[in-house]
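**Q**
Number of protein chains: 2
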Amino acid sequence: MSNKPTAAAIPGNTIGRLSLYRRLLQELLAQGTRQVYSHQLARLAVSTPSQVRRDLMTIGFSGSPRRGYTISELLANIEGLLARSIETSVALVGVGNLGRAILAYYANRQPVRFAAAFDRAPEKTGRILHGCRCYPVSEMAEVIAREQIHVGVIAVPAAEAQGVADQLVLAGVRGILNFAPVRLHVPAGLYVEHVDLMMALDKVAYYAHQQVEQQDSSR
Amino acid sequence: MSNKPTAAAIPGNTIGRLSLYRRLLQELLAQGTRQVYSHQLARLAVSTPSQVRRDLMTIGFSGSPRRGYTISELLANIEGLLARSIETSVALVGVGNLGRAILAYYANRQPVRFAAAFDRAPEKTGRILHGCRCYPVSEMAEVIAREQIHVGVIAVPAAEAQGVADQLVLAGVRGILNFAPVRLHVPAGLYVEHVDLMMALDKVAYYAHQQVEQQDSSR
DNA sequence: CTTCATTTGTGAAACTGTTCACAGTGTGAA
DNA sequence: TTCACACTGTGAACAGTTTCACAAATGAAG
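Protein sequence lines correspond, in order, to chains A and B.
In my numbering, each residue's number is its place in the first sequence (first place is 1) plus 566.
In my numbering, each residue's number is its place in the second sequence (first place is 1) plus 566.
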């Protein structure tokens, strides 16, 4: 039986929170804490104890009553689950303002390796930024195959994003993180995560403004 | 009756999609299209016709059978709802790599006005970046009050984010867009949107890798 | 050894968001 | 003017997620 039943599909929200827990647990461990209760982790994550327990239950991790969860074990568990990221090499496409900021942001954070960057502009290629070599887009397929890259990060203008995505898919990438303000069409089964900055700001503006109105109307 | 019943709380997901529809509709209008069907908009948004119709129903907008939705009307409707953003001034805190990229990204996109930026480092203050003046953090309260800023964007290192959030709240901001990899604690009623780049990449890496495994196990 | 306080694990309820399916309707064609 | 079609609007089913509430387990204290 090579198929562990634990390996069922974990919902995206849960994966997101696990990523957060990992960071928090790393900090706690660095501070010398050994054990943690669901309510403590919940406070750090700005969540609820129930939610934390449910998430840990989802990944099949157990604590013990009265003692809580052993941080080192829990951390190992979560890292084993997610951060094959360690084994996952990533490619960045688009070395503009945003691309460079992304590179800087992820540089030297543990579980990520940017194995290559790509840009159309010749003056950007050939250099090494934050430990990541920049190639011309024409070499994308070749480099992605050679470096065993499974994830692509798109940080190009909206108009070029779909084309880049197509190239990435063709090159064999299995997941895409897209910063361009367009929805990407990809073959079924491929995973795409959109980070839509415009949408994010619109949401904040909407709710912030709504509050102002409620305040006004309650005079 | 000053309270329009339409003004009920619209769920965050819907607001997000409306933001997307707005962009798509703007493009369509620029191309000279006048009318659009739910299934067309759905294809552009990589969504479903049902979802589109439900969203427009949520904001109380009606089309007509066989004709679809009139783009100009729909756009006006959505903009009237969301993009009080036009009236909402925004402040950026943290003018590092990410902060500058954010500024560049939003600069000259219609419904956003970055009225001020703040940074601790003296060598960054006093300049004007992408049409946005940079002040020292000590002047935050004053500038935010003067410029009627209601939204703050946080792009500082994790360790400083909570402190900055507290200052923003104190200065009277009503919504926060947070790029720092920490969960912020704010008074109830204030809106916070987190853009967690680490989490986003973890999600992609997880699902991308899972795919690889499924492929392998199905030999 | 027993009791008590505390925390986990989890079935079930409640809630939220999405999709279905079809009645109703305006439109263009004849 | 009538007809048939292709669309919208929406109640209701469905799916997914979060929260509740409580039994079971554990360690500490007496």
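Beta carbons: idealized from backbone N, C-alpha and C, even for Gly.
#1: For a minimum of 3 consecutive residues, which ranges assigned as the beta strand (DSSP E) are wholly contained in the region 622 to 694 of chain B?
#2: So, using beta-carbon positions, are leucine 743 of chain A and valine 770 of chain B closer together than 8 Å?
#3: Is the region 638 to 647 of chain B touching the region 757 to 771 of chain A, taking contact as three or more C-beta pairs under 8 Å?
#4: Going along the chain, which residues of the region 719 to 731 of chain A sit with their C-beta nearer than 8 Å to a C-beta in chain B?
#5: Could you list the residues in the region 660 to 682 of chain B with a C-beta less than 9 Å from some C-beta on chain A, going in chain order?
#6: According to the neighbour-count rule (16 or more other Cβ atoms, all chains shown, within 10 Å of its Cβ), is glutamate 759 of chain B buried or exposed?
#7: Taking its Cβ as the centre, do 16 or more other Cβ atoms sit within 10 Å of leucine 664 of chain A, making it buried, or is it exposed?
#8: For glycine 729 of chain B, does the three-state DSSP call read helix, strand or coil?
#9: Can you give me, in chain order, the residues of the region 578 to 602 of chain B that have a beta carbon less than 7 Å from any beta carbon in chain A?
#10: So glutamine 601 of chain B and threonine 636 of chain B are in contact, right, with Cβ under 8 Å, and what is the actual spacing, rounded?
#11: Would you say isoleucine 710 of chain A and alanine 657 of chain A are within 8 Å of each other, going by their C-beta atoms?
#12: Quick one: using the 10 Å Cβ neighbour count with 16 as the cut-off for buried, is lysine 570 of chain A buried or exposed?
#13: Note down, in chain order, each residue of its chain lying with its Cβ closer than 7 Å to the Cβ of leucine 595 of chain A, except the 5 sequence neighbours on either side.
#14: Would DSSP call tyrosine 772 of chain A helix, strand or coil?
#15: Compare the C-beta of proline 615 of chain A with all C-beta atoms of chain B and state if any pair is closer than 8 Å.
#16: Between the C-alpha atoms of arginine 686 of chain B and leucine 695 of chain B, what's the straight-line distance to the nearest angstrom?
#17: Quick one: Cα of valine 798 of chain B to Cα of proline 677 of chain A, how far?
#18: Using a Cβ cut-off of 9 Å, pull out every chain A residue sitting near arginine 749 of chain B, in sequence order please.
#19: In chain A, what lies closer than 7 Å to valine 717 of chain B by C-beta?
#20: Keeping to the same chain, check which residues put their C-beta closer than 6 Å to that of arginine 785 of chain A; ignore five residues upstream and five downstream.
#21: Alpha carbon to alpha carbon, what distance is there between phenylalanine 627 of chain A and proline 702 of chain B?
#22: When the Cα of alanine 575 of chain A is compared with those of A/Gly692, A/Arg589, A/Ile625 and A/Glu653, which residue comes out closest?
#23: So the candidates are B/Arg740, B/Val748 and B/Ala683; which of them puts its Cα closest to the Cα of glutamine 777 of chain A?
#24: Tell me which residues share the same chain as tyrosine 672 of chain A and place their Cβ nearer than 7 Å to its Cβ, disregarding the 5 neighbours each side in the sequence.
#25: Under 8 Å between C-beta atoms, does glutamate 759 of chain A make it to chain B?
#26: According to the neighbour-count rule (16 or more other Cβ atoms, all chains shown, within 10 Å of its Cβ), is methionine 623 of chain B buried or exposed?
#27: Express the C-alpha separation of glutamine 617 of chain A and glycine 578 of chain B in angstroms, rounding to a whole number.
#28: How would you write the range of the alpha helix (DSSP H) that leucine 750 of chain B sits in, first residue to last?
#29: Using a Cβ cut-off of 8 Å, pull out every chain B residue sitting near glycine 755 of chain A, in sequence order please.
#30: Helix, strand or coil: how does DSSP classify tyrosine 701 of chain A here?
#31: For methionine 706 of chain B, would you say it is in contact with chain A, using Cβ-to-Cβ distances shorter than 8 Å as the test?
#32: Just verifying my parser: in three-state terms, what is the DSSP assignment at glycine 741 of chain A?
#33: Pick helix, strand or coil for tyrosine 587 of chain A, following the three-state DSSP scheme.
#34: Relative to the C-alpha of phenylalanine 684 of chain B, which candidate in B/Gly697, B/Met706 and B/Asn674 has its C-alpha closest?
#35: Tell whether a beta-carbon distance below 8 Å holds between tyrosine 581 of chain A and aspartate 768 of chain B.
**A** Let's see:
#1: Complete beta strand (DSSP E) runs here, min 3: 655 to 659 and 679 to 685.
#2: yes
#3: Contact between the region 638 to 647 of chain B and the region 757 to 771 of chain A is absent, with fewer than three C-beta pairs closer than 8 Å.
#4: From the region 719 to 731 of chain A, only Val719 have a Cβ closer than 8 Å to chain B.
#5: Gly662, Asn663, Leu664, Gly665, Arg666, Ala667, Ile668, Leu669, Ala670, Tyr671, Tyr672, Arg675, Pro677 and Val678
#6: buried
#7: buried
#8: helix
#9: Cβ contacts with chain A come from Gly578, Ile581, Gly582, Ser585, Leu586 and Arg589.
#10: 6 Å
#11: yes
#12: Confidence is the limiting factor: at lysine 570 of chain A the pLDDT is only 38, short of 50, which leaves the residue's position unreliable, though a coordinate-based value still follows. Lysine 570 of chain A should be labelled exposed.
#13: Ile637, Ser638 and Leu641
#14: helix
#15: no
#16: 16 Å
#17: Outside the displayed span of chain B (567 to 785) sits residue 798 of chain B, for which this structure offers no information.
#18: Leu586, Leu590, Leu610, Ala611, Val612 and Ser613
#19: Val770, Ala771 and Ala774
#20: Residue confidence is low: arginine 785 of chain A scores 40 on pLDDT, short of 50, so the model does not pin down where it sits. No coordinate-derived value is stated.
#21: 47 Å
#22: Nearest option by C-alpha distance: A/Ile625.
#23: B/Arg740
#24: Val678 and Phe680
#25: Glutamate 759 of chain A counts as touching chain B.
#26: exposed
#27: 20 Å
#28: First-last for leucine 750 of chain B: undefined, no H or E at that position.
#29: Gln777
#30: strand
#31: no
#32: strand
#33: helix
#34: B/Met706
#35: With the sequence shown as reference, residue 581 of chain A is identified as isoleucine, and tyrosine is not the correct amino acid for it. It is a contact, given that the beta carbons lie within the stated cut-off.
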